[in-house]
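Q: One structure follows; several queries about it will come next.
There are 2 protein chains.
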Amino acid sequence: MSVLYSSPMPLAAASSNPPLHQLAYEKIRDMILYGDLAPGQPITIHGLVSSLGLGMTPVREAIRRLTAEGALQSTDTRRVLVPMLHVRQLDELSHLRLAIEPHLAGLAAERISPEAIDGLEAIDKGLDDAIEAGDVQSYLRLNYAFHRTLYAHSDSEIALSMADALWLRAGPSLRVVCGRYGTLNLPDMHEETIAALRKRDADAAASAIAADIRQGHSQIRRSLSEA
Amino acid sequence: MSVLYSSPMPLAAASSNPPLHQLAYEKIRDMILYGDLAPGQPITIHGLVSSLGLGMTPVREAIRRLTAEGALQSTDTRRVLVPMLHVRQLDELSHLRLAIEPHLAGLAAERISPEAIDGLEAIDKGLDDAIEAGDVQSYLRLNYAFHRTLYAHSDSEIALSMADALWLRAGPSLRVVCGRYGTLNLPDMHEETIAALRKRDADAAASAIAADIRQGHSQIRRSLSEA
DNA sequence: CAGAGAAAAATTTGATCATATTGTCTAGGG
DNA sequence: CCCTAGACAATATGATCAAATTTTTCTCTG
Numbered sequence: 000m001s002v003l004y005s006s007p008m009p010l011a012a013a014s015s016n017p018p019l020h021q022l023a024y025e026k027i028r029d030m031i032l033y034g035d036l037a038p039g040q041p042i043t044i045h046g047l048v049s050s051l052g053l054g055m056t057p058v059r060e061a062i063r064r065l066t067a068e069g070a071l072q073s074t075d076t077r078r079v080l081v082p083m084l085h086v087r088q089l090d091e092l093s094h095l096r097l098a099i100e101p102h103l104a105g106l107a108a109e110r111i112s113p114e115a116i117d118g119l120e121a122i123d124k125g126l127d128d129a130i131e132a133g134d135v136q137s138y139l140r141l142n143y144a145f146h147r148t149l150y151a152h153s154d155s156e157i158a159l160s161m162a163d164a165l166w167l168r169a170g171p172s173l174r175v176v177c178g179r180y181g182t183l184n185l186p187d188m189h190e191e192t193i194a195a196l197r198k199r200d201a202d203a204a205a206s207a208i209a210a211d212i213r214q215g216h217s218q219i220r221r222s223l224s225e226a
Numbered sequence: 000m001s002v003l004y005s006s007p008m009p010l011a012a013a014s015s016n017p018p019l020h021q022l023a024y025e026k027i028r029d030m031i032l033y034g035d036l037a038p039g040q041p042i043t044i045h046g047l048v049s050s051l052g053l054g055m056t057p058v059r060e061a062i063r064r065l066t067a068e069g070a071l072q073s074t075d076t077r078r079v080l081v082p083m084l085h086v087r088q089l090d091e092l093s094h095l096r097l098a099i100e101p102h103l104a105g106l107a108a109e110r111i112s113p114e115a116i117d118g119l120e121a122i123d124k125g126l127d128d129a130i131e132a133g134d135v136q137s138y139l140r141l142n143y144a145f146h147r148t149l150y151a152h153s154d155s156e157i158a159l160s161m162a163d164a165l166w167l168r169a170g171p172s173l174r175v176v177c178g179r180y181g182t183l184n185l186p187d188m189h190e191e192t193i194a195a196l197r198k199r200d201a202d203a204a205a206s207a208i209a210a211d212i213r214q215g216h217s218q219i220r221r222s223l224s225e226a
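Below you can see the structure in the form of structure tokens.
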């Protein structure tokens, strides 16, 4: 599972701290991000209520939040589903990600510490292992972790939240690609990125991330046009 | 964006159609967008419940949604307030708006119809009147309407929703500027924009909107640094 | 009499509320 | 100055109502 709460107190009684709607949000978001929910799949509140073991209110609030972020879509008949990405929207996503993420990477390059770069390298190492093992779950988690961790060093709150929203929109489709082609032909530009970070070269870092995004999206686009 | 009710019956009885949480969302959003809520002002659920005359559940869901969009901010102590924009975040907003809105304007320029341009011109005319009359409410509404209407022609769902979110973040601060300086020294680049649209000149439209954004933000920045 | 299609019942699902529970802030006593 | 009661606000529950979908039933035609 993911790193949930950083407990300042090592003792018990930490489970009730975060509000349930927050917990529900994180769980559902992860389901979307890591492909447990397929594009086009309808979501029912009751289904989530029973599968998450939470009450109705927190789940509904989490759904509202995710809908606002574009991770879910509510139809005119008040039903909710995982959005299906069309080519048109995928191109939009590419454009927006290219407008935001390289910029974040550039800012991060100017601020990130050597230790944090080591951390990224460790993530990337795990990523390579996951690719070799064909472990799609881990691949998706670590790939996201790499980007998210890097961008977090940009110190740009708002842009970061927009990048998050964009990833949420791309998530389900990424999963579909992996399900179809496996993890083998998923090269990335992470090593180039890390090299740029070590040199504190903002432009190079931005370029590497841009290339990474282009690569990934061309995979998704190919997969989409075949379907 | 809002595919609300495609009424099969053109007659009345449409007041109960949209879900209350949707209604609550729109009302609160407008309060933020048009400056009825000041930056830093704390929000209480009960307050909104009684002032909007709605139940607690719809209001809560609307607040979650707005929080997800960055229009509201929830503290670690479970309290909600209108975010206060700091210079740092304002610069971020500028950068993001400049990355997205000129692009939307350019796309719109390639697609918009002459009739729609006339509509924009009418909005701009109303805007000038509002400025002369010192009517801040109308100014904010019409200024938003001008941009929003233009961008809607870009046919870019996702970017449009991000632009909306950015406006929501900037809204309260814009209002503060107007409250401080009135509407008189609020020049805009709308006429240049309209001219560019008539020529179907995407680049010129994008430049005009970029200039408009820079102007507006320099006003806000000045106001912020004085406070 | 078989089958297409419409009407109606049943079921599923979403929306909302009243209320109980839990957590947070505040003011006064130690 | 710290600590604790109580007032206040947010969170969460489960029940109830309404809308929508699916299934069933019925009728009418070929």
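Sequence order for the protein chains is A and B.
Numbering that gives the first Met the number 0 applies: residue 0 is where the first sequence begins, and numbers increase by one.
Numbering that gives the first Met the number 0 applies: residue 0 is where the second sequence begins, and numbers increase by one.
All residues carry an ideal CB built from backbone N, CA and C; glycine is no exception.
Fair warning: this is a prediction, and the values are worked out from it, not measured in the lab.
#1: Who does Ile122(A) pair with in a DSSP beta bridge?
#2: Any beta-carbon of chain B closer than 8 angstroms to the one on Leu80(A)?
#3: Taking the alpha-carbon positions, what's the Arg87(B) to Tyr180(A) distance?
#4: Is it true that the segment 48–66 of chain A meets the segment 199–209 of chain A, where meeting means three or more beta-carbon pairs spaced less than 8 angstroms apart?
#5: Looking at chain B, which residues of the segment 117–148 of chain A have a Cβ within less than 9 angstroms of any of its Cβ atoms?
#6: Report the residues of the segment 153–169 of chain A with a CB closer than 9 angstroms to any CB of chain B, ordered along the chain.
#7: Residues of chain B with a CB under 8 angstroms from the CB of Arg64(A): which are they?
#8: Cβ closer than 7 angstroms: which chain B residues qualify as neighbours of Gln88(A)?
#9: If distances are taken between C-alpha atoms only, which option among Pro18(A), Gln40(A) and Ser49(A) comes closest to Leu229(A)?
#10: Considering Cα atoms alone, identify which of Leu141(A), Pro17(A) and Trp166(A) is closest to Ile99(A).
#11: How is Ala11(A) classed by DSSP in three states: helix, strand or coil?
#12: Less than 8 angstroms between the beta carbons of Gly34(A) and Ala164(A), yes or no?
#13: Quick check on DSSP: helix, strand or coil for Gln72(B)?
#14: Quick check on Pro171(B): does DSSP put it in helix, strand or coil?
#15: Using three-state DSSP, classify Pro113(A) as helix, strand or coil.
#16: What residue range does the alpha helix (DSSP H) around Ser153(A) cover?
#17: Can the beta-carbon of Glu190(B) be found less than 8 angstroms from the beta-carbon of Asp123(B)?
#18: With a cut-off of 8 angstroms, does the C-beta of Leu32(A) fall near any C-beta of chain B?
#19: For the alpha helix (DSSP H) holding Lys26(B), just list the boundary residues, first then last.
#20: Going by beta carbon distance, what residues of the same chain come within less than 7 angstroms of Arg78(A), once the five residues before and after it are set aside?
#21: Figure out for me which residue from Leu196(A), Glu91(A) and Leu89(A) has the closest Cα to the Cα of Arg110(A).
#22: Return the bridge partner residues of Ile42(B) from the DSSP annotation.
#23: Beta-carbon within less than 6 angstroms of Ser93(A)'s beta-carbon, same chain only, minus the 5 sequence neighbours each way: which residues are those?
#24: Can you list, in chain order, the residues of the segment 96–112 of chain A whose Cβ is nearer than 8 angstroms to any Cβ on chain B?
#25: For Pro18(B), collect the residues of the same chain with a Cβ closer than 8 angstroms to its Cβ; drop the 5 residues on either side in sequence, then sort them by chain order.
#26: In whole angstroms, what is the alpha-carbon distance linking Gly46(B) and Gly105(A)?
A: Let me spell this out:
#1: Answer by DSSP bridge pairing: none, since Ile122(A) is not bridged.
#2: Under the Cβ criterion of 8 angstroms, Leu80(A) is not counted among the residues facing chain B.
#3: 43 angstroms
#4: no
#5: none
#6: Asp154, Ser155, Glu156, Ile157, Ala158, Ser160, Met161, Ala164, Leu165 and Arg168
#7: Arg63, Arg64, Thr66 and Ala67
#8: Glu156 and Ile157
#9: Not covered by the structure: residue 229(A). The range shown for chain A is 0 to 226.
#10: Trp166(A)
#11: Because Ala11(A) carries a pLDDT of 39, less than 50, the predicted location of this residue cannot be relied on, and no value is offered for it.
#12: no
#13: When DSSP states are grouped into helix, strand and coil, Gln72(B) belongs to the strand group.
#14: helix
#15: helix
#16: Taken as a continuous stretch (DSSP letters only), Ser153(A) belongs to no alpha helix (DSSP H), as it is neither H nor E.
#17: yes
#18: no
#19: Leu19 to Leu32
#20: Pro41
#21: Leu196(A)
#22: Val79(B)
#23: Scanning its chain for C-beta atoms nearer than 6 angstroms, with the 5 sequence neighbours on each side dropped, one finds around Ser93(A) the residues His216, in chain order.
#24: Ala98, Ile99 and His102
#25: Pro57
#26: 43 angstroms
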